[in-house]
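Take a look at the structure set out below.
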Amino acid sequence: MTTEPKTKVYYINLGGSVGNAGAIRYAWRGKKNAYKNIAAGLGVVLAKDTDKGLMFGASSPKPAVVRIGYTAADGSSKSINRFCEPDKLNAVTTGGALNGKKVQIGTVEYNINNVTIKSN
1 MTTEPKTKVY
11 YINLGGSVGN
21 AGAIRYAWRG
31 KKNAYKNIAA
41 GLGVVLAKDT
51 DKGLMFGASS
61 PKPAVVRIGY
71 TAADGSSKSI
81 NRFCEPDKLN
91 AVTTGGALNG
101 KKVQIGTVEY
111 NINNVTIKSN
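Quick note: the sequence shown, position 92, residue 92 per the UniProt record's numbering, numbers continuous.
Structure follows, in structure tokens:
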């Protein structure tokens, strides 16, 4: 009996021109539902087996990282980091593209309160 994998391969297009022609496809393996409900807003694509040119493990260039704030079940404010396509940063941070969406942490979904660019 086979089981469904707990992780999936995602990628973000970095650089390129119209229609992402010439873009680098920065790829990584993440938890299966890490980008559920929010992938399109962040510019994250779920890779298919037929996708070519995926680049894993690159230290440069890397996509931007955003901090997604949410309220936990106990009422405390929490946050989680996710990759974001650079072209989508303005839309998710100041444009509210993820307002009304939910972020999935483990098996629980939480309402998104805010999105900011992660700073060290």
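Virtual Cβ for every residue (Gly too), placed ideally from N, Cα, C.
None of the values given here were measured: they were computed from a predicted structure.
Starting from the C-beta of residue i, find all residues in its chain whose C-beta is less than 6 Å away, skip the five residues before and the five after it, and write them out in chain order.
| i | result |
| --- | --- |
| Arg67 | Ser79, Asn81, Thr116 and Lys118 |
| Pro61 | Leu14 |
| Val45 | Tyr11 |
CB-CB under 7 Å to residue i, same chain, minus the five flanking residues each way: which ones, in chain order?
| i | result |
| --- | --- |
| Met55 | Ile24, Arg25, Tyr26 and Ala27 |
| Lys36 | Gln104 |
| Thr7 | Arg29, Gly30, Lys31 and Lys32 |
For residue i, which three-state DSSP category applies?
| i | result |
| --- | --- |
| Gly30 | strand |
| Lys8 | strand |
| Leu98 | coil |
| Gly69 | strand |
| Lys52 | coil |
| Val92 | helix |
| Ala39 | helix |
Quick test of your reading: residue i and residue j, contact by CB under 8 Å. State the CB separation rounded to the nearest angstrom.
| i | j | result |
| --- | --- | --- |
| Glu109 | Gly43 | At roughly 21 Å, the Cβ-Cβ gap does not stay under 8 Å, so Glu109 and Gly43 are not in contact. |
| Ala47 | Tyr10 | 6 Å |
| Ile12 | Lys101 | With 8 Å as the limit, Ile12 and Lys101 do not qualify as a contact, their Cβ atoms being about 18 Å apart. |
| Pro63 | Leu14 | 6 Å |
| residue 121 | Lys88 | In the structure as shown, the chain begins at 1 and stops at 120. Residue 121 is therefore absent and cannot be evaluated. |
I need the straight-line Cα distance from residue i to residue j, nearest angstrom please.
| i | j | result |
| --- | --- | --- |
| Lys32 | Thr3 | 13 Å |
| Gly69 | Ser77 | 7 Å |
| Pro5 | Phe83 | 21 Å |
| Gly106 | Ala34 | 8 Å |
| Val65 | Asn113 | 17 Å |
| Thr93 | Asn111 | 16 Å |
| Ala91 | Asn120 | 21 Å |
| Lys52 | Gly75 | 43 Å |
| Ala73 | Thr50 | 40 Å |
Note down, in chain order, each residue of its chain lying with its Cβ closer than 8 Å to the Cβ of residue i, except the 5 sequence neighbours on either side.
| i | result |
| --- | --- |
| Thr71 | Ser77, Lys78, Tyr110, Asn111 and Asn113 |
| Gly96 | none |
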